[in-house]
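Following: one structure in structure tokens, then a few remarks.
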């Protein structure tokens, strides 16, 4: 009898422990889910686009700050569909974490994946802050009934990198003011303004100038490089058009001396849809490497039903002046030389790839 009781006890214990052992085995063999790849381009409704800039945080290292920024963006956007994120990352953290965490966050919430432009900056205007996100989203109702104007960042420069940037900010804002007028827009209609500066020292002076003129816009201030070769300030913007332009895409010029002859100051977008791309990176520093980046951009546009001639605005994130010369040469061959897109071309601290020379992203009409 005791023998039978002992056997029954052993069997009972085995039955009790078996689920736990099975669960432990399953946990041991469980693999991490690979983040889904983000798209290279998305299409949005011009008249329903909204623009956001996330607040800065200095809590924790890069990954917690990325998660906090994504939570803040989700709160800002509400029911809007986020189409594109442009992330500026400061510090020494792995910028590729942004891509993985963006993919995971949107996948977990069962939302469409956005395109991503990812750039390493020289700094952000808060001690310890490592990331800021700019987003373009699509809302449910028309908020830009007449279309949008994309306004180039016109750099104001000084040969001495230690010169204060506030006077340079005033100069670039003067050019931006002319662009707003040329677009037929008004300061109250400016939706987002991003100021790229080579120094954040005495940022309050530059911020005051921007906020006084464009109080209703989402503002972003980004230091481009930690050790620039000269002092630079360049403010770009997006504005709501006051009246219908009657064309899919047109460009406006400014009075006075021409700036960058390879790009237009103002792009006026009346097309019902726009294509937004993520950054295409050149892997290498030779002209052929730069051409391959433009080739990939062209293919991405074609897959979305657009072409280089449809590009309204281009961002160029450069890592050297030699690369800048290559890009200026090639863009004249790729885009419509007679009607070049608006854009901003500046030197930055870095890009996600160690062998990157530059990156480009665009807004194109469809």
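Numbering (this note's numbering), first residue to last: 10 to 375.
The C-beta atom is built at its ideal place from N, Cα and C for all residues, glycine as well.
1) Work out the CA separation of residue 104 and residue 222 for me, nearest whole Å.
2) Straight-line CA distance for residue 297 to residue 359?
3) Rounded C-beta distance between residue 355 and residue 246? I'm assuming under 8 Å.
4) Does the beta-carbon of residue 55 have 16 or more other beta-carbons within 10 angstroms, so that it is buried, or is it exposed?
5) Use the C-beta contact count for residue 150: other C-beta atoms within 10 angstroms, 16 or more gives buried, fewer gives exposed.
6) Helix, strand or coil for residue 228? Go by DSSP, reduced to three states.
7) Would you kindly work out how many angstroms separate the C-alpha atoms of residue 388 and residue 49, rounded to a whole number?
8) Would you kindly work out how many angstroms separate the C-alpha atoms of residue 233 and residue 241, rounded to a whole number?
9) Could you say which of 276, 333, 349 lies nearest to residue 193 if we only look at CA atoms?
10) Ordered along the chain, which non-local residues of its own chain (more than five positions away) have a Cβ less than 8 Å from that of residue 89?
11) According to DSSP, is residue 93 helix, strand or coil?
12) Tell me, which residues are paired with residue 143 by DSSP?
13) For the stretch 296 to 348, which segments carrying the alpha helix (DSSP H) assignment without a break, of at least 4 residues, lie completely within its bounds, in sequence order?
14) Where does residue 39 sit, in a helix, a strand or coil, going by DSSP?
15) Residue 165 and residue 157 - do their beta-carbons sit closer together than 7 Å?
16) Would residue 374 pass as a contact of residue 216 if the rule is Cβ separation under 7 Å?
17) With DSSP as the reference, label residue 174 as helix, strand or coil.
18) Which one or two residues does DSSP pair with residue 277 in a beta bridge?
19) Could you have a look at residue 188 and say whether DSSP puts it in helix, strand or coil?
20) Counting C-beta neighbours from all protein chains within 10 Å, is the total for residue 309 16 or more, i.e. buried, or is it exposed?
On the basis of the data shown:
1) It is roughly 33 Å from the alpha-carbon of residue 222 to the alpha-carbon of residue 104.
2) Between the C-alpha atoms of residue 297 and residue 359 there is a straight-line separation of about 20 Å.
3) The pair is not a contact, with the Cβ atoms about 15 Å apart (cut-off 8 Å).
4) By the C-beta density criterion, residue 55 is buried, having at least 16 other C-beta atoms within 10 angstroms.
5) Exposed: under 16 other Cβ atoms inside 10 Å.
6) In the structure shown, residue 228 sits in a strand (DSSP, three-state: E or B).
7) Outside the displayed range of the chain (10 to 375) lies residue 388, so it cannot be described from this structure.
8) Those two C-alpha atoms are separated by around 9 Å.
9) If we check each option's Cα against that of residue 193, 276 comes out closest.
10) The beta carbon of residue 89 is closer than 8 Å to those of 59, 146, 147, 148, 149 in its chain, skipping five residues each way along the sequence.
11) Strand.
12) When DSSP reads this structure, residue 143 sits in a beta bridge with 62, 95.
13) Listed in chain order, the complete alpha helix (DSSP H) runs (minimum 4 residues) inside the stretch 296 to 348 are 296 to 312, 330 to 343.
14) Caution applies to residue 39, whose pLDDT of 47 falls short of 50 and renders its modelled position unreliable; the value that the coordinates give is listed next. Coil.
15) Remark: C-beta atoms of residue 157 and residue 165 do not approach each other more closely than 7 Å.
16) With a cutoff of 7 Å on beta-carbon distance, residue 374 and residue 216 are scored as not near each other.
17) Residue state, collapsed to three classes: coil.
18) Within the DSSP secondary-structure output, residue 277 pairs in a beta bridge with 158, 259.
19) In this structure, residue 188 counts as helix in the three-state DSSP scheme.
20) It is buried - the Cβ of residue 309 has at least 16 other Cβ atoms within 10 Å.
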